[in-house]
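What follows is a single structure, written as structure tokens, with notes after it.
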Amino acid sequence: MSEGLMLPPGAGRRIVGGGLDATVKTTMDQPALTSTFEVVVRPGWDVGAHVHAVGEEIFYVLEGQLDVLAFEPLDRSVADWHEWESATGQRFLRGGPGAFLFVPPNTPHAFGNSSDQPAKVFFQSSVPGGHEHYFDELMELLAASAGKPDPQAVAELRTRYDIEQITSLDGGRAPAGA
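As numbered in our numbering, residues 1 to 178 make up the sequence shown, in order.
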């Protein structure tokens, strides 16, 4: 690539399905050091706490409100990451436009939209493999299974893209048996 990349508002390849609505802005294939997205997080969506051994992620809230967390909790076995606390007393942040989250390697992190309005987020990931490829493969699993993919297939996908899930995808808030 001998030139930079310029995109007008709304441009980029959209990946939509399940709880995901991401517009790909740059990929690690272009070449770039990160995959970059504009992501709309629907109300009620919670990615659950997870960790990447390699790579960094950045989240910046553009519109709406998002709950975010990036620290090692005192106790990872607490099912709801909203209840986690760090050794320094830190807890999750509920932030609106301008809220920022930087996630270094090996740092548990989570985000969720507990409001009744969508949130729009600028998201960058340097996790190996290109996060856009993870999103694409996840959409394929969802489409092939009418939205209920085989848990083993999802676990294998996450392993390939360096995602260790710590809490459930609802953040640990679903009632027992849900």
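Using N, Cα and C, we set each Cβ at its ideal position, and we do this for glycine too.
Because the structure is a prediction, the values reported are computed rather than measured.
Item, Value
"Below 8 Å on the Cβ atoms is my contact criterion, and I expect ASN106 with ALA53 to pass it. Report the Cβ-Cβ distance as a whole number of Å.", "6 Å"
"Per the DSSP calculation, ARG60 is bridged to which residue(s)?", "For clarity, residue 60 is Tyr in the given sequence; the question names Arg instead. Paired residues: PHE100, PHE122."
"So who's on the other strand from LEU138, going by DSSP bridges?", "Answer by DSSP bridge pairing: none, since LEU138 is not bridged."
"Note down, in chain order, each residue of its chain lying with its Cβ closer than 7 Å to the Cβ of LEU62, except the 5 sequence neighbours on either side.", "PRO97, LYS120, VAL121, PHE122"
"Going by the beta-carbon positions, is the gap between SER126 and GLU56 smaller than 8 Å?", "yes"
"On the DSSP bridge list, what partners appear for ARG14?", "THR23"
"Can you give me the Cβ contacts of GLY130 inside the same chain, cut-off strictly under 6 Å, excluding the 5 residues immediately before and after it?", "THR27, MET28, SER35"
"Return the CA-CA distance between ALA79 and GLU3, expressed in angstroms with no decimal places.", "47 Å"
"Buried or exposed for PHE100, please, with buried defined as at least 16 other CB atoms from any protein chain shown within 10 angstroms of its CB.", "exposed"
"GLY112 bridges to which residues according to DSSP?", "ASP46, ASP67"
"Could you tell me which of LEU20, ASP75, LEU5 sits nearest to GLY147, measuring between CA atoms?", "LEU20"
"Excluding the 5 residues flanking MET6 on each side, which residues of the same chain have their C-beta closer than 6 Å to its C-beta?", "none"
"According to the neighbour-count rule (16 or more other Cβ atoms, all chains shown, within 10 Å of its Cβ), is ALA70 buried or exposed?", "buried"
"For a quick check, are the C-beta atoms of PRO118 and VAL51 less than 8 Å apart?", "no"
"Go ahead and pull the three-state DSSP assignment for LEU157.", "helix"
"Tell me the DSSP bridge mates of LEU93?", "VAL68"
"Using only the alpha-carbon positions, how far apart do ILE58 and PHE102 sit?", "5 Å"
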